[in-house]
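Line order of the protein sequences matches chains Z and E. Using my numbering, read the first sequence as starting at 1192 and increasing by one per residue. Using my numbering, read the second sequence as starting at 17 and increasing by one per residue. Glycine is no exception: its CB is placed at the ideal position from the N, C-alpha and C atoms. Treat the numbers as computed from the prediction; the structure is a model and nothing was measured. Data first, discussion second: the structure below is written as structure tokens.
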Amino acid sequence: MDTNLIWLIAMALEAAILFRGLRTELQKRYLFFYCYIGCLFLIEVLRFLCLSVTPNSYGAFYWQTELVRIVASYAVIFEIFKRALRHNPGVARIAQELLRVVFVLALAYAASDLLHGGFTSFPRATADLGRYLLYVEGALLLVMLWLFGRYRISFGRNLLGLTVGYSLVVALDVVNLAFLSTPGKESSVGLRKLIPLTHLITLVIWCASLWSSQPEPLPPAERAIDRDYALLAAKTRAALAHLSRRVGRTSRP
Amino acid sequence: MSGLIPIVLLGTLILIFSGRLLVQWSRQSHAQVVTIEDYTEARAALDSVFAETAAIKRIFATDDMEFVSQEGVGDVQRFFLKERKRLAIQWVRMTQKQVAHLMDLHLKLASYTYEPSPRAEVKLTVTYLCFILASNGVLILLWLFGPFEAVRVVAYTVRAAEYFCSEVTRRLENIDPVRLGSARQPRSV
């Protein structure tokens, strides 16, 4: 497909997401996400203008705006975290601790790699910084997805679409930027052609899942749950111990 | 190029986990909230798997097999063995399913608690993984050898493990703390 056509469709989809967000009032619920989409839309428009007016400076401009986009995308991760775990204080606490550790580790790894590589030029340094920020973001997202899966966190349709779309774009961006930074870039030609299409698919997922406001999972009634973890863990442990005793008894002739 | 591997792995894992999230969402009934009552029911269901202990023991009892071997013709023996194998496998699978359901509810309820303990969670996960490993091992044994031979292997393994544990405990009790203390002293050359 023609690159310009993909570009224009992407901008149209971003505008549609923003418009629907205002109409359905979802922008109040997912404020950070809509700020990110607004930022994305603005960046796309500026890039388009830059390519049309001063094509020679487009390369440097692209990497600078890419860095801004990556920094802005941290707002989405925060939004997912905030909305998904609002009824699960325990998991939120564990997630906070884990994310802090992962953030520090990933940042230390990225910083050492960045300093080790040296600064050849400003655009190159900007591109590298953006890439490392994306790696950190990928690591944070991975931990969050693992926790959501492990604790079977309930998602509404809106938040699920937001999370899945975001995961798709981060996963492919991480791999794409890693390939781009390696000396033999020819191995990533196919992937680079695929990236605009995946961005488009992500926007379609977001547009479809956020087209209308869907009900979110209800919080459990206080009397129906137990907030005491030690008691719950003791009960499960007892059940498993009881089970192993019964199995042992059954296996005896 | 070797630096690419962790990054590609990271990207792949993100895709896998988000796919898992989708599958999880499509399976669960969205509006339903898990309660302590569901959990109690799951525990009762797990107990019910073992409610008829005598009947379960009968599946693995060799007396019936011996009787059929003496009295029955080849076809009857084969049919009997096939039926018992099916029953035994069904029982193990039912137990697996009930335990998985209980763990599922435990995790959902744990997410609502104020201060889940990561250490306790890790311990429970290890116990659960051991159960999955052992029960799948039993399933393989059932498939390969049938219920009667399989139960012999399981009983032997359980007995061996018990013997090993008791032996280790006995040895630990026999260790002289004074000698243990001197062993910790740095050796003089």
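Residue environment, residue i, which counts as buried when at least 16 other CB atoms sit within 10 Å
{"i": "I21 of chain E", "result": "exposed"}
{"i": "P134 of chain E", "result": "exposed"}
{"i": "F1313 of chain Z", "result": "exposed"}
{"i": "A1425 of chain Z", "result": "exposed"}
{"i": "S1243 of chain Z", "result": "exposed"}
{"i": "Y87 of chain E", "result": "With the sequence shown as reference, residue 87 of chain E is identified as Glu, and Tyr is not the correct amino acid for it. Burial call: exposed."}
{"i": "A60 of chain E", "result": "exposed"}
{"i": "H1390 of chain Z", "result": "buried"}
{"i": "A1429 of chain Z", "result": "exposed"}
{"i": "E82 of chain E", "result": "exposed"}
{"i": "A47 of chain E", "result": "In this prediction, A47 of chain E scores a pLDDT of 49, lower than 50, which makes its location untrustworthy; no coordinate-derived value is stated."}
{"i": "R1214 of chain Z", "result": "exposed"}
{"i": "E131 of chain E", "result": "exposed"}
{"i": "F95 of chain E", "result": "exposed"}
{"i": "D91 of chain E", "result": "exposed"}
{"i": "S127 of chain E", "result": "buried"}
{"i": "N1279 of chain Z", "result": "buried"}
{"i": "L1296 of chain Z", "result": "exposed"}
{"i": "F1210 of chain Z", "result": "exposed"}
{"i": "V89 of chain E", "result": "exposed"}
{"i": "V108 of chain E", "result": "buried"}
{"i": "N1367 of chain Z", "result": "buried"}
{"i": "A1302 of chain Z", "result": "exposed"}
{"i": "V170 of chain E", "result": "buried"}
{"i": "L145 of chain E", "result": "exposed"}
Contacting residues, own chain, Cβ-Cβ under 7 angstroms from residue i (five flanking each side not counted)
{"i": "Y1227 of chain Z", "result": "A1263, S1264, A1266, V1267"}
{"i": "V50 of chain E", "result": "L121, K124, L125"}
{"i": "G19 of chain E", "result": "none"}
{"i": "R1220 of chain Z", "result": "none"}
{"i": "Q1255 of chain Z", "result": "T1317"}
{"i": "L1336 of chain Z", "result": "S1358"}
{"i": "E1205 of chain Z", "result": "I1228, L1231, F1232, E1235, L1394"}
{"i": "S85 of chain E", "result": "Q93"}
Neighbourhood of residue i by C-beta distance below 8 angstroms, restricted to the same chain and skipping five residues each side
{"i": "I30 of chain E", "result": "none"}
{"i": "I1396 of chain Z", "result": "G1352, V1355, G1356, L1359"}
{"i": "Y55 of chain E", "result": "L118, L121, H122, L125"}
{"i": "L1320 of chain Z", "result": "L1258, L1305"}
{"i": "A1201 of chain Z", "result": "E1235, P1387, H1390, L1391, L1394"}
{"i": "L1222 of chain Z", "result": "E1270"}
{"i": "A1203 of chain Z", "result": "none"}
Proximity below 8 angstroms, CB of residue i to CB of residue j
{"i": "F1346 of chain Z", "j": "W41 of chain E", "result": "yes"}
{"i": "V1365 of chain Z", "j": "I23 of chain E", "result": "yes"}
{"i": "L37 of chain E", "j": "F1339 of chain Z", "result": "yes"}
{"i": "L1434 of chain Z", "j": "L155 of chain E", "result": "no"}
{"i": "T143 of chain E", "j": "Y1420 of chain Z", "result": "no"}
{"i": "L1423 of chain Z", "j": "N1349 of chain Z", "result": "no"}
{"i": "A1286 of chain Z", "j": "F1269 of chain Z", "result": "no"}
Option nearest residue i by Cα separation, candidates the options
{"i": "P1406 of chain Z", "options": "Z:E1205, Z:L1351, Z:H1390, Z:L1391", "result": "Z:L1351"}
{"i": "R1291 of chain Z", "options": "Z:N1349, Z:E1328, Z:V1244", "result": "Z:E1328"}
{"i": "I52 of chain E", "options": "E:L118, E:F33, E:Y144", "result": "E:L118"}
{"i": "F1294 of chain Z", "options": "Z:T1256, Z:A1330, Z:R1315", "result": "Z:A1330"}
{"i": "E137 of chain E", "options": "Z:L1196, Z:T1427, Z:R1436, Z:S1435", "result": "Z:T1427"}
{"i": "L1258 of chain Z", "options": "Z:Y1300, Z:A1203, Z:F1269, Z:Y1323", "result": "Z:Y1323"}
{"i": "R1341 of chain Z", "options": "E:M110, E:S85, E:F33, E:E87", "result": "E:F33"}
{"i": "R15 of chain E", "options": "E:I148, E:V92, E:E99, E:Y144", "result": "Residue numbering for chain E in the displayed model covers 17 to 205; residue 15 of chain E lies beyond these limits and cannot be assessed."}
{"i": "R102 of chain E", "options": "E:V170, E:V154, E:W159", "result": "E:W159"}
{"i": "T147 of chain E", "options": "Z:F1210, Z:F1239, Z:R1437, Z:L1368", "result": "For the record, residue 147 of chain E in the displayed sequence is Phe; it is not Thr. The shortest C-alpha separation from F147 of chain E is found at Z:R1437."}
{"i": "L1196 of chain Z", "options": "Z:L1388, Z:L1332, Z:N1349", "result": "Z:L1388"}
{"i": "Q44 of chain E", "options": "Z:Q1287, Z:L1276, Z:I1285, Z:I1344", "result": "Z:I1344"}
{"i": "A1399 of chain Z", "options": "Z:K1384, Z:A1207, Z:M1202, Z:L1199", "result": "Z:A1207"}
{"i": "S1403 of chain Z", "options": "Z:Q1218, Z:A1203, Z:D1419, Z:Q1287", "result": "Z:Q1218"}
{"i": "I1392 of chain Z", "options": "Z:E1216, Z:I1271, Z:L1363", "result": "Z:L1363"}
{"i": "T1373 of chain Z", "options": "Z:S1303, Z:Q1287, Z:R1315", "result": "Z:R1315"}
{"i": "Q106 of chain E", "options": "E:Q93, E:R168, E:I72, E:T78", "result": "E:I72"}
{"i": "V1361 of chain Z", "options": "Z:E1270, Z:I1386, Z:H1307, Z:L1371", "result": "Z:I1386"}
{"i": "Q114 of chain E", "options": "E:V39, E:E57, E:L140", "result": "E:E57"}
{"i": "E165 of chain E", "options": "E:T78, E:S64, E:T28", "result": "E:T78"}
{"i": "L1431 of chain Z", "options": "E:A116, E:V169, E:D80, E:L97", "result": "E:A116"}
{"i": "G1411 of chain Z", "options": "Z:N1247, Z:G1212, Z:R1277", "result": "Correcting the residue type first, residue 1411 of chain Z is Pro in the shown sequence and not Gly. Nearest C-alpha to P1411 of chain Z: Z:R1277."}
{"i": "L1298 of chain Z", "options": "Z:Y1326, Z:E1288, Z:K1273", "result": "Z:Y1326"}
{"i": "L1409 of chain Z", "options": "Z:P1246, Z:A1275, Z:L1199, Z:F1239", "result": "Z:A1275"}
Spatial neighbours of residue i in its chain, beta-carbon cut-off 6 angstroms, leaving aside the 5 residues before and after
{"i": "I1234 of chain Z", "result": "T1256, R1260"}
{"i": "A104 of chain E", "result": "I75, L158, P163"}
{"i": "Q291 of chain E", "result": "Given that chain E is displayed from residue 17 to residue 205, the structure contains no residue 291 of chain E and the question cannot be resolved."}
{"i": "C1241 of chain Z", "result": "Y1249, F1252"}
{"i": "A1283 of chain Z", "result": "L1276"}
{"i": "T1245 of chain Z", "result": "none"}
Legend entry - Unbroken stretches of the alpha helix (DSSP H), 4 residues or longer, contained in the stretch 1240–1299 of chain Z: Counting only runs of 4 or more, we get 1249–1275.
Inset, instruction - Pick out the complete alpha helix (DSSP H) segments inside the stretch 44–122 of chain E, 4 residues or longer, and give them in chain order. - result: Whole alpha helix (DSSP H) segments, 4+ residues: 52–65, 69–76, 78–87.
Inset, instruction - Give, in chain order, every unbroken run of the alpha helix (DSSP H) that is at least 4 residues long and sits entirely within the stretch 1298–1352 of chain Z. - result: Runs of alpha helix (DSSP H) with 4 or more residues, each lying fully within the stretch 1298–1352 of chain Z, are found at 1313–1341, listed in chain order.
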